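J.: Chains as they are written, first to last, in our numbering: chain A, 1 to 113; chain B, 1001 to 1110.
All residues carry an ideal CB built from backbone N, CA and C; glycine is no exception.
Everything numeric in this text was worked out from a predicted model, so none of it was measured.
Following this message is one structure expressed as structure tokens.
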Amino acid sequence: NAGVTQTPKFQVLKTGQSMTLQCAQDMNHNSMYWYRQDPGMGLRLIYYSASEGTTDKGEVPNGYNVSRLNKREFSLRLESAAPSQTSVYFCASSEVGQDYEQYFGPGTRLTVT
Amino acid sequence: GQQVMQIPQYQHVQEGEDFTTYCNSSTTLSNIQWYKQRPGGHPVFLIQLVKSGEVKKQKRLTFQFGEAKKNSSLHITATQTTDVGTYFCAGGQGAQKLVFGQGTRLTINP
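This is the structure in structure tokens:
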């Protein structure tokens, strides 16, 4: 039982490049989330998916797109990376609703130069 | 929008001293969760509080939810080096998502 997995672990991009961060969970959770973590800013929600086939914007969605590929997988795409998107990105999953604990993946450390 | 503020941002203690972090929301919360993140790691769920005035304990950790359900605290008694990390509160307000505080980073002098 791997929980929540994320790939890649590290990535360096040049400004303007694109990339997709992958996330998968094997806990049969309905809800999945993408956060970014910057020093002193805590965790900020980028997008979330309450269930398969639905996605909604979080606090900081600009510059990102997401795809809920199936119940297990939720990907985050940066179409044209900017230095301001340098951050650690965490994927999480939970049962439906904010009453359930969220399980986090190990994170992807992204640097945009 | 909903904001969750957490203080202090940093706390350094001697091993054996107590530690407290406070969480305040701009709006009434339906629940609050606490997470711990070890250096270089990912957030891990500690506990959830739901009821007004609720107090829960986990060994040396005591969690409280305020009467108005707008604030919460985490108190650690007699810290140990294993307590090092960043502690986050996260408030729910009847929606799918949680709003996280900025976290309190705890460092300990052994």
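Using a Cβ-Cβ distance cut-off of 8 Å, determine whether GLU95(A) contacts chain B.
T.: What you label residue 95(A) is simply residue 95 of the first sequence in a count that begins at 1. For GLU95(A), the answer is no, since every Cβ of chain B falls outside 8 Å of its Cβ.
J.: Report the neighbours of GLU101(A) on chain B: residues whose CB is nearer than 7 Å to its CB, in chain order.
T.: In the first sequence, residue 101(A) corresponds to position 101, counting from 1. For the C-beta of GLU101(A), the chain B residues within less than 7 Å are, from N- to C-terminus, GLN1033, PHE1045 and GLN1048.
J.: Would you say the region 56-66 of chain A touches the region 1002-1017 of chain B, given that touching needs at least three Cβ pairs under 8 Å?
T.: no
J.: Would GLU52(A) and ARG68(A) qualify as a contact pair, given that the criterion is a beta-carbon distance under 8 Å?
T.: Stepping through the first sequence from its first residue, residue 52(A) is reached at position 52. Stepping through the first sequence from its first residue, residue 68(A) is reached at position 68. Less than 8 Å separates the beta-carbon of GLU52(A) from that of ARG68(A).
J.: Among residues of its own chain, excluding the 5 on either side of VAL1050(B), which ones have a beta-carbon nearer than 7 Å to its beta-carbon?
T.: The residue you call residue 1050(B) lines up with position 50 of the second sequence. Only ASN1031 meet the Cβ criterion.
J.: Take PHE90(A) as the anchor and find which of ASP26(A), GLY42(A), THR15(A) and LEU13(A) has the nearest alpha-carbon.
T.: On the first sequence, position 90 is the one that residue 90(A) refers to. Per the Cα distances, GLY42(A).
J.: According to DSSP, which residues form a beta bridge with SER145(A)?
T.: Nothing in the structure corresponds to residue 145(A), since chain A is present only between 1 and 113.
J.: Name, please, each residue of chain A whose Cβ falls closer than 9 Å to the Cβ of PHE1063(B).
T.: Indexing the second sequence from 1 puts residue 1063(B) at position 63. Chain A residues near PHE1063(B): none, gap ~14 Å exceeds 9 Å.
J.: With 16 as the cutoff for other CB atoms within 10 Å, does MET32(A) come out buried or exposed?
T.: Start at 1 with the first residue of the first sequence, and residue 32(A) comes out as number 32. Buried, since its Cβ has 16 or more Cβ neighbours within 10 Å.
J.: Excluding the 5 residues flanking ILE1108(B) on each side, which residues of the same chain have their C-beta closer than 7 Å to its C-beta?
T.: Position 108 of the second sequence, counted from the first residue, corresponds to residue 1108(B). Closer than 7 Å at Cβ, skipping near neighbours: VAL1013, GLU1015, THR1079, THR1081, ASP1083 and VAL1084.
J.: Count the other C-beta atoms from every protein chain shown that fall within 10 angstroms of the C-beta of ARG1105(B), then say buried if there are 16 or more, exposed otherwise.
T.: What you label residue 1105(B) is simply residue 105 of the second sequence in a count that begins at 1. Flag for ARG1105(B) reads buried.
J.: Compute the distance between the beta-carbons of GLU101(A) and SER93(A), then report whether it is under 8 Å.
T.: Locating residue 101(A) in the first sequence gives position 101, where the first residue counts as 1. Locating residue 93(A) in the first sequence gives position 93, where the first residue counts as 1. No. Outside cutoff.
J.: Taking C-alpha atoms, which residue in LYS1097(B), GLN1093(B), GLY1092(B) and THR1086(B) lies nearest to GLY1040(B)?
T.: As a first step, residue 1040(B) must be located in the second sequence, where it is residue number 40. That would be THR1086(B), whose Cα lies nearest to the Cα of GLY1040(B).
J.: Reducing DSSP to helix, strand and coil, say where GLN6(A) ends up.
T.: For the purposes of this step, residue 6(A) is identified with residue 6 of the first sequence, where counting begins at 1. GLN6(A): strand per DSSP, three-state reduction.
J.: Just to confirm my understanding: we take ASN70(A), look at its own chain, exclude 5 residues before and 5 after, and list those with CB closer than 8 Å. What are they?
T.: Translated into positions along the first sequence, residue 70(A) becomes position 70. Taking C-beta separations shorter than 8 Å and ignoring five residues to either side along the sequence, the partners of ASN70(A) in its chain run GLU52, following chain order.
J.: Where does VAL1099(B) land, buried or exposed, given buried means 16+ other C-beta within 10 angstroms?
T.: Here the question's residue 1099(B) lines up with position 99 in the second sequence. Classification of VAL1099(B): buried, given that the 10 Å Cβ count is 16 or more.
J.: Taking CB distances under 8 Å as the criterion, tell me whether GLY16(A) reaches chain B.
T.: Mapped onto the first sequence, residue 16(A) falls at position 16. It does not; no Cβ of chain B falls within 8 Å.
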